[in-house]
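What follows is a single structure, written as structure tokens, with notes after it.
Numbering (this note's numbering), first residue to last: 3 to 175.
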């Protein structure tokens, strides 16, 4: 009796501390468009375009549309993603589901999920407007550690190059 009570109390404390430390489960959250005041939105997009021009100049972000989204998979609360897309409503729709164990078919149990079809994504701290990372549509990313200024001092020639497929053709879109 005493041992089972101790195990139960330990489990409850572990569960409670996990919820306090990590907050809500963000596995089912998806990027959502964010609207800021026009001045702040312009500042965020300007910083993102500057970073994109310095780190990934071959992606030609001046021809793309910049849209600000939440960063749902980030543990940091004040981080936003600036997605550079062909047009503002460029999304990929997909369904989340499970496989049927007998028939091996996909069982779709949710509404379609929309995710931005971005060519380049710059992650920025909302409060300080400091860039955190940059990534492309092929999930290749560069993280600016410890911060962007020191990263540029230590790696002045570091660039995010477009993906080159096996046939030797540059793929940007």
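Using N, Cα and C, we set each Cβ at its ideal position, and we do this for glycine too.
When only Cα atoms are considered, residue 132 and residue 89 end up about 25 Å apart. In the same chain as residue 42, and ignoring 5 residues on each side of it, no C-beta atom comes closer than 7 Å to its own. Under DSSP, residue 71 shares a beta bridge with 35, 83. Cα atoms of residue 97 and residue 113: separation of roughly 7 Å, rounded to the nearest angstrom.
For residue 125, the enclosing beta strand (DSSP E) has its first and last residue at 122 to 127. Per DSSP, residue 107 lies in no alpha helix (DSSP H) segment and is marked neither H nor E. Cβ contact annotation for residue 32 (same chain, cutoff 8 Å, sequence separation greater than five): 74, 115, 116, 117, in chain order. Contact between residue 130 and residue 83 fails: their C-beta atoms lie close to 16 Å from each other, not under 8 Å.
At a Cβ-Cβ threshold of 8 Å, residue 136 and residue 68 do not count as neighbours. Under the criterion of beta carbons closer than 8 Å, residue 57 and residue 161 qualify as touching, at roughly 6 Å. Between residue 92 and residue 119 a beta carbon distance of about 5 Å is seen, short of the 8 Å cut, so the two are scored as contacting.
Distance from the CA of residue 39 to the CA of residue 45, rounded to the nearest whole angstrom, comes to 10 Å.
Comparing alpha-carbon positions, the option among 80, 52, 5 lying closest to residue 63 turns out to be 52. Under the three-state reduction of DSSP output, residue 88 falls in the coil class, being neither helix nor strand.
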